[in-house]
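Have a look at the structure below before the remarks.
2 protein chains.
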Amino acid sequence: MARPREFEYDTALGGAMDIFWRQGYRATNLPDLLNAMGLTRGSFYKAFEDKEAIYLKALDHYDVQIVSRTVQMLETCDGESAIACLAELFKTDASDNRGCFICNTMVEMGIENQKAASKANAMAARLRDAIQGVLRRFSENGEISELTEKADLVLHLYFGKQAMGKSGGQTRDWEARLRSLL
Amino acid sequence: MARPREFEYDTALGGAMDIFWRQGYRATNLPDLLNAMGLTRGSFYKAFEDKEAIYLKALDHYDVQIVSRTVQMLETCDGESAIACLAELFKTDASDNRGCFICNTMVEMGIENQKAASKANAMAARLRDAIQGVLRRFSENGEISELTEKADLVLHLYFGKQAMGKSGGQTRDWEARLRSLL
DNA sequence: AAGATTAGGAACCAAATGGTACAAAACAAT
DNA sequence: ATTGTTTTGTACCATTTGGTTCCTAATCTT
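Residue numbers (the working numbering), protein chains in the order written: chain A, 1084 to 1265; chain B, 1084 to 1265.
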């Protein structure tokens, strides 16, 4: 019952996620953020609370948009082995070294921002569960605790790869090395 | 032939390394930095160039002080297996979640700061070589390429662990999981 | 058409940022 | 003791920071 907003909430939020993902929280100033979201200060502070609040919303958006898609990929993967499915995780575009927003958040925010940390931890747990699901689907012997261990190992490896990738590390044949690992 | 400086260069540099390691580059402002180094603006800007320059110097200091110590530990480790030696890598103080300065730098600076990135990459390579050295010492069959692969895997795992540890992740029994890995 | 209500945008603001200027202080050489 | 040279610390500065104000524009309801 008034003037309708001219921008789409989710599109703007997606822009915020993108720039935070790429640059991190502190390296992204308001002009950067507003530009990425495609709106001006007035609209921004009207629709969103402040910089920290939208960072947290961007994390949620990442959860819904990116993590969920990855989880679904792992759940529905029809590869011929667990390794083939998990290798998909490691097939990120080499040229676009944004890394992983979860990992970036963990490193930049640490435990200083508890809200961000717990969101990151929760998303990491989702990924681990999905990885474990893949391992379970393809394994004959159902040693659950061992699968959890292995899944955690793969997750740590994934974060390590994302972290190292940000500084322009080489792309590797992860399928081969996952095979030698599992 | 003039007034001597009242602070020790390396001590101050050590303080800088410490605060950057703990907080990152952007999250550390001048007051933080000066406080950690134990000197005032005047002395700082006389002895060091500026914030970015000392960050790079802090990376070098990390290389000399921390990485070298780790490399030496790996080279002289008299554990009864490669796993026992490598497990030392993962035994960082859980309460002190600074992570790894190399990993932190990779994630925060990315390829934006080329100097920082290449220093980080170089240090990572040193670690990988040392890890490979451990694997070689304890392996019977001398498949070099395979050892390089394995070393790289352990290094990625190490960075992953450091990254995830920053957000307050749990400590794990890395010796056990390294055993299942290698 | 009128009024209510919300979005948009520009001007503005206080605080914090990294960095500089400069005078006082402390030493070495003479 | 005087001079020359370097360090130290404070006061200062321009810029950038995230955030607010407030006026205008646009739409819905009636």
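No residue lacks a Cβ here, since even glycine has one placed at the ideal position from N, Cα and C.
- Task: Note down the Cα distance separating I1102/B from M1189/B, rounded to an integer number of angstroms.
- Result: 17 Å
- Item | For K1249/A and G1193/B, believed in contact at Cβ under 8 Å, the rounded distance | 5 Å
- Message: Given a cut-off of 8 Å on the beta-carbon distance, is the pair M1100/A and A1207/B in contact?
- Response: no
- Message: Tell me which residue opens and which closes the alpha helix (DSSP H) that T1188/A is part of.
- Response: F1184 to M1192
- Query: Which residues mark the beginning and the end of the alpha helix (DSSP H) in which C1168/B is found?
  - Reply: A1165 to L1172
- Item | From L1261/A, E1223/A, S1222/A and K1233/A, residue whose alpha carbon lies closest to that of D1235/B | L1261/A
- Query: Roughly how many angstroms lie between the CA atoms of N1224/B and T1254/A, to the nearest whole one?
  - Reply: 27 Å
- 8 Å Cβ cutoff met for G1121/B and A1141/B: no
- Query: Near F1242/B, what residues of its chain come up, given a Cβ to Cβ distance below 6 Å and the 5 sequence neighbours on each side ignored?
  - Reply: C1186
- Check the Cβ-Cβ distances between M1189/B and every residue of chain A, and say whether any is below 8 Å. yes
- Query: Counting contacts by CB-CB distance shorter than 8 Å, is N1224/A in contact with chain B?
  - Reply: no
- Assuming A1199/B and Y1138/B form a contact by the criterion Cβ under 8 Å, report the distance between their Cβ atoms to the nearest whole angstrom. 7 Å
- Item | Neighbouring residues, chain A, relative to L1240/B (Cβ below 8 Å) | L1236, H1239, L1240 and G1243
- Query: Mind pulling the chain A residues with CB within less than 7 Å of A1110/B?
  - Reply: R1109
- Task: Could you tell me the distance, in whole angstroms, from the CA atom of S1228/B to the CA atom of L1218/B?
- Result: 12 Å
- Task: List the whole-angstrom C-beta distance separating L1210/A from T1153/A, where the pair is believed to meet the contact cut-off of C-beta under 8 Å.
- Result: 7 Å
- Item | L1265/A: first and last residue of the uninterrupted alpha helix (DSSP H) it sits in | Neither: L1265/A is in no alpha helix (DSSP H) and is coded neither H nor E.
- Kindly indicate which residue of G1125/A, D1093/A, G1182/A and N1112/A has the alpha-carbon position closest to the one of F1191/B. The identity of residue 1191/B in the sequence shown is Glu, whereas the question assumes Phe. Cα-wise, what sits closest to E1191/B is G1182/A.
- Query: Should G1098/A be labelled buried (16 or more other beta-carbon atoms within 10 Å of its own) or exposed?
  - Reply: buried
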